[in-house]
Each structure stands twice: as C-alpha cells, then as structure tokens.
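Numbering (this note's numbering), first residue to last: 20 to 241.
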C-alpha cells in the first residue's frame, strides 16, 4: 500500500479510477463493498443506471435519514433507495437483463484473479459465505467486467499465474484496477497500462505473482 494512503483513502483511490471507465448512459451492476463507492466519483456529465440483481433498476444511495434494512436493500443487504424513474422488478426479470447481455459493465471485488482473466471471488474453502449471489451470471453476461480490489491481501499477491481458490468464471475479466495500477487482461497476458505515481514498475511487479507486460504508453493513474 502506498505510504500516503490509509485503508479508507485507498478504497476511494480505486473507486475514483474505476469511475472513469463508465460512460454516460451505461447500464451498470456494482458488486458489494468497494464497488458501491464508484458512483460518488462520477463526473457531473456522466449519468449511469444502476441495476441490482436483487430486483432494482435505477438503484440509488443509502437514504440519508432513517434507513430501514427490512425493506429496500442493495445486493449486500445494506439500506438502499430507488432514484426517480427507477423500478422494482422480480428476480426473473433482473437476471434476464443480466443474462441477456443488457448490462454494459459490472464492477466486482475479487479474492484472486489470474493471468488468463479468471476470477475467484465467492468462497474460501472452509469458511462460511452467504452464497454465490449473481456473480457467475454477471461476469458472463455483462459486456465488460472490471475488477476493483486491493492489490494484495495481508501482503500476499492476489494477482496470480493461476487462481488457487474455486473459480467464479473463466476468461471473464477485462480490466483490473488496484491502488498500485491499472491492468488490462489481453490474449497475451496482463498488461500494466497505468501506475500509481508513488510506485515503480519493479514494486508493482514484486507485489504481483503473475508476470506483467509493461505498456509502452504507461502513464500515472490520474
């Protein structure tokens, strides 16, 4: 982790960069945790429609007053809202939108990703989990899959030559955004295209178990 970033600021740093990947008019599904921070960093001229697989189109933020978790919640079970013009839909319709290729982008966290664009983000064997959720459907149904995550876990790389945890899906990731850099997943492997200006290429590679190709147009994360 760059020395100047605490944990909360680190997550904001990642979310701010991911927000630049979304385009005006996009239909977007956000995973739980860090990805839910992305909308607050969208420019004023970029408007997206947020879809939650629990059955919301046009999902909004947590209510500022008296949120009641018994009623309107997001995919993570936290209080949410619906924006003006949004709608509640049943699960069948919600997953028809996802599986039908109508989601322009999905942003998810990950336990592990690898050099072939495989994703493991739903279980650590032996630990209790709430369930798969919609991740399997999203990563194969969305037009673009963006992983937003911290680069390491307790100092251990999360970007590997091959995932060791059970996979969510294979060959599904398009882009990886961490506090250290932006990495494109290509048929030739992982390509570092942007780097945290506080770090060197050598430091990023040292924290990455999979080999990184360095883009000739490498630029600092903005």
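All C-beta atoms, glycine included, are put in the ideal place defined by N, C-alpha and C.
By the criterion of a C-beta distance shorter than 8 Å, residue 185 is surrounded in its chain by 139, 141, 142, 144, once the five residues flanking it on both sides are discounted. The shortest C-alpha to C-alpha distance from residue 156 to any of 171, 80, 178, 125 is the one to 125. Exposure of residue 83 is indicated by the presence of fewer than 16 other C-beta atoms within 10 angstroms of its C-beta.
The straight-line gap separating the alpha-carbon atoms of residue 49 and residue 127 is approximately 6 Å. For residue 36, the secondary structure class from DSSP, reduced to helix, strand or coil, is helix.
The Cβ-Cβ distance between residue 240 and residue 36 falls below 8 Å.
In the DSSP assignment, residue 155 falls outside any beta strand (DSSP E) and lies within the alpha helix (DSSP H) extending over 154–160. DSSP places residue 203 in the uninterrupted beta strand (DSSP E) bounded by 200–205. Assigned with DSSP and collapsed to three states, residue 214 falls in strand.
Contact annotation: residue 72 and residue 108 have beta-carbon atoms that are not nearer than 8 Å.
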